[in-house]
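J.: Once you've had a glance at the structure underneath, I'll fire off some questions.
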Amino acid sequence: LAERDGDVLCFLPGVGEIGRVAGELGTPPGVEVLQVHGRAPAAVQDAVLAGSAGRRVVLATSVAESSLTVPGVRVVVDSGLAREPRTDHARGLGSLVTVRAS
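Written as structure tokens, this is what we have:
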């Protein structure tokens, strides 16, 4: 935040990681931290798309990567990680696994 002007968009693999990064960031003075994911309320997505007079850090899952254009973004950070569905055939259970994104 100290090195560049403008908003920051950070892609993370899931809601848990978004929550942890938001917790680490805390509430920097003059910066709004927004968490965008599939379970986020529509008001959050509206706030992201509306832009802001102040600085923002937008923490988003990769789902938002192809579906959102965020005004004001000057810095993009991609964790390089994504969630993929996998099936454990021995147990017959499906799960999401964190993998390196290609």
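All letters in the sequence shown, in the order written, are residues 57 to 158 by our numbering. Cβ coordinates follow ideal geometry from the N, Cα and C atoms, glycine included. None of these values were measured; they are calculated from a predicted model.
So what does DSSP say about A96, is it helix, strand or coil?
T.: For the purposes of this step, residue 96 is taken as residue 40 along the sequence shown, with counting starting at 1. Looking at A96 - three-state DSSP - the assignment turns out to be coil, as it is neither helix nor strand.
J.: Between the beta-carbon of V131 and the beta-carbon of G82, is there less than 8 angstroms?
T.: Here residue 131 is taken as the residue at index 75 of the sequence shown, counted from 1. Here residue 82 is taken as the residue at index 26 of the sequence shown, counted from 1. For V131 and G82, no; Cβs fall outside 8 angstroms.
J.: Please go through the same chain and pick out, in chain order, the residues whose beta-carbon is closer than 7 angstroms to the beta-carbon of D134, but skip the five residues on each side of it.
T.: To locate residue 134, count along the sequence shown from 1; it is residue 78. Same-chain partners within the cutoff: F67.
J.: Please name the residue or residues paired with G150 in a DSSP beta bridge.
T.: On the sequence shown, residue 150 is found 94 positions in, with the first residue counted as 1. Paired residues: T143.
J.: State the beta-bridge partners of A116 as determined by DSSP.
T.: For this step, residue 116 is matched to residue 60 along the sequence shown. A116 is bridged to F67 and V92.
J.: Note down the Cα distance separating S151 from E140, rounded to an integer number of angstroms.
T.: Within the sequence shown, the letter at position 95 stands for residue 151. Within the sequence shown, the letter at position 84 stands for residue 140. Looking at the two C-alpha atoms, the distance is approximately 8 angstroms.
J.: Quick one, which of E80, T154, A106 and H93 has its alpha-carbon nearest V129's?
T.: For this step, residue 129 is matched to residue 73 along the sequence shown. Among E80, T154, A106 and H93, the Cα nearest to that of V129 is on A106.
J.: Less than 8 angstroms between the CB atoms is what I'm expecting for G86 and R111, so what's the real figure, rounded?
T.: As a working note, residue 86 is residue 30 in the sequence shown. As a working note, residue 111 is residue 55 in the sequence shown. Sure, about 6 angstroms apart at Cβ, within 8 angstroms.
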